[in-house]
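Here this note's numbering is used: the first residue of the sequence shown is 41, the next is one more, and so on. We put the CB at the ideal spot given by N, CA and C, even for glycine. Predicted model only: the values in this text are computed from it and were never measured. Contents: one structure, followed by commentary.
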Amino acid sequence: MSQLIEKIRSKACSDVKNIVLPEGDEVRTVEAASIIKKEGIANPILIGNPEKINAVAAELGVDIAGITIEDPDTSERTTGYAKALYELRKAKGLTEEDADKLAHDVMYYGIMMIKLGDADGLVSGAVHTTGDMLRPALQIIKTKPEMKLVSSSFLMDCPNKELGEDGLLVYADCVVNPCPTAEELAYIAVASAQTAKALCGFEEPRVAMLSFSTKGSAKHDLVSKVQQAVEKAHEIAPDLLLDGEMQFDAALVPKIGASKAKGSPVAGRANILVFPDLQAGNIGYKITERIGGAECFAVLQGLNAPCNDLSRGCSVDDIVNTVAMTAVQAQG
Ligand code: ACO
41 MSQLIEKIRS
51 KACSDVKNIV
61 LPEGDEVRTV
71 EAASIIKKEG
81 IANPILIGNP
91 EKINAVAAEL
101 GVDIAGITIE
111 DPDTSERTTG
121 YAKALYELRK
131 AKGLTEEDAD
141 KLAHDVMYYG
151 IMMIKLGDAD
161 GLVSGAVHTT
171 GDMLRPALQI
181 IKTKPEMKLV
191 SSSFLMDCPN
201 KELGEDGLLV
211 YADCVVNPCP
221 TAEELAYIAV
231 ASAQTAKALC
241 GFEEPRVAML
251 SFSTKGSAKH
261 DLVSKVQQAV
271 EKAHEIAPDL
281 LLDGEMQFDA
291 ALVPKIGASK
301 AKGSPVAGRA
311 NILVFPDLQA
321 GNIGYKITER
331 IGGAECFAVL
341 QGLNAPCNDL
351 SRGCSVDDIV
361 NTVAMTAVQA
371 QG
């Protein structure tokens with residue numbers, strides 16, 4: 041297990057949070073829940089039909105005694121969640137009938153548990169797509185008041201320990217915002233620095249705002265956007281070490297940083313990389329993973345309460361780790 045994950049799991053155990061798993065009868069999820077409970081990483085809450093969930097546990101031979109199971113079809117909470125959901129979304133055209141239907145849906149039920157304070161965080165994605173979870177989370181849990189938008193960070197644990205913080209880098213945004221504005225990029229940078237502190241323990245987040253240009257070496261509207269994002273980020277977080285625009289190598293390689301961005305407090309020693317859009321970010325993290333051999337762990341940031349997504353090919357360990365990261369985010 042990587043040192044990063046060990047630290048995150050141990051931090052999660054220090055203040056146990058209630059984490060909802062809406063895909064409660066999914067095989068990997070049931071096995072993960074039993075490990076999470078046994079190791080004290082969180083109090084997992086499985087959503088689904090108890091008979092089905094218990095049958096999966098019996099088939100696997102895992103112990104889920106003491107784990108809370110919530111069944112939206114029989115729960116006393118469902119009517120209340122439907123009413124609250126209707127009040128929250130009626131201005132957006134949601135009818136009482138549709139709210140009642142949605143409250144019976146495992147994902148909406150889980151999100152409403154968090155909204156109404158019955159749980160601290162949520163992890164899904166073994167079955168559902170990113171959008172299936174993200175849309176209700178954005179609609180109902182919404183963005184933290186001090187944040188303009190929800191985005192994501194990837195914690196990249198690279199084999200080359202000279203990079204970032206002993207091989208650890210944070211990449212953003214690689215999941216959510218296809219085409220962020222300059223202001224949105226600035227907020228993504230600030231949120232990523234917060235994530236890096238909370239989850240990676242970075243004492244000095246150093247943010248590079250990436251482009252195909254370093255300090256005006258190229259002129260283009262896309263470059264100007266990143267330059268504006270740098271200005272905006274300095275306004276929002278004047279104490280944050282952040283610089284740009286700069287190229288990927290200028291951000292990470294000390295010699296190149298020193299020659300292309302002389303005097304920059306970040307160039308050559310960045311530990312957080314903010315990509316200019318989702319195409320660059322998503323491609324960038326996959327290159328680092330597949331060609332660079334990095335282990336990567338994704339989290340959403342900027343939501344009023346933590347909700348995180350898994351890949352549908354996730355392992356039991358991936359679920360346990362994502363629950364641990366969600367629990368640490370919920371610790372605040
Ligand atoms: N931050 C905060 N709120 C947001 C954001 C955001 N980034 N994006 C949308 N919203 C809000 C909207 O304001 C709206 O709220 P409202 O209904 O209260 O007015 C609500 O979310 C829904 O917004 P839409 O624009 O209608 O949502 P859409 O259906 O377009 O879905 C989504 C939003 C799911 C985030 C979309 O942007 C998306 O699909 N992003 C890319 C996800 C993806 O496929 N990533 C890559 C794969 S994942 C991987 O590789 C690991």
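Keeping to the same chain, check which residues put their C-beta closer than 8 Å to that of residue i; ignore five residues upstream and five downstream.
i: THR69; result: LEU61, GLU63, LEU86, ALA166, ILE359
i: ASP145; result: PRO112
i: GLU205; result: CYS240, PHE242, ASN311
i: ILE276; result: ALA226, TYR227, VAL230
Could you tell me whether any non-hydrogen atom of ligand 1 is closer than 7 Å to the CB of residue i?
i: ARG352; result: no
i: ASN344; result: no
i: GLY424; result: This structure does not reach residue 424, given that the chain is present from 41 up to 372, and the question cannot be answered.
i: PRO316; result: no
i: GLN179; result: yes
i: VAL216; result: yes
i: THR135; result: no
i: LEU225; result: no
i: ARG330; result: no
i: ARG117; result: no
i: LYS132; result: yes
i: VAL190; result: yes
i: ALA290; result: no
i: PRO209; result: For clarity, residue 209 is Leu in the given sequence; the question names Pro instead. Checking every heavy atom of ligand 1 against the Cβ of LEU209, none is found closer than 7 Å.
i: THR235; result: no
Please list, in chain order, all residues of the same chain as residue i whose beta carbon is under 7 Å from its beta carbon, the five residues on each side excluded.
i: MET187; result: TYR227, ALA231, GLY342
i: LYS237; result: PRO245
i: GLU335; result: SER42, ASP197
i: VAL263; result: SER251, SER253, GLU285
i: MET365; result: ILE48, LEU239, PHE337, VAL339, ASN348
Is residue i helix, strand or coil by DSSP?
i: VAL339; result: strand
i: ILE48; result: helix
i: ILE104; result: coil
i: PRO84; result: strand
i: GLU110; result: strand
i: LEU61; result: strand
i: ARG330; result: helix
i: ARG352; result: coil
i: LYS265; result: helix
i: PRO220; result: coil
Going by DSSP, what residues sit across from residue i in a beta bridge?
i: ALA248; result: ASP283, LEU313
i: GLU271; result: Answer is none; GLU271 lacks a bridge partner.
i: CYS347; result: LEU162
If you drop the 5 nearest sequence neighbours on each side, which residues of the same chain put their C-beta closer than 6 Å to that of residue i?
i: THR108; result: ILE85
i: ASN322; result: CYS214
Beta strand (DSSP E) runs wholly inside the segment 287-316, at least 3 long, in chain order: 312-314
Uninterrupted beta strand (DSSP E) stretches inside the segment 154-211 (no shorter than 3 residues): Entirely contained in the segment 154-211, the beta strand (DSSP E) runs reaching 3 residues are, in chain order, 161-164, 191-197.
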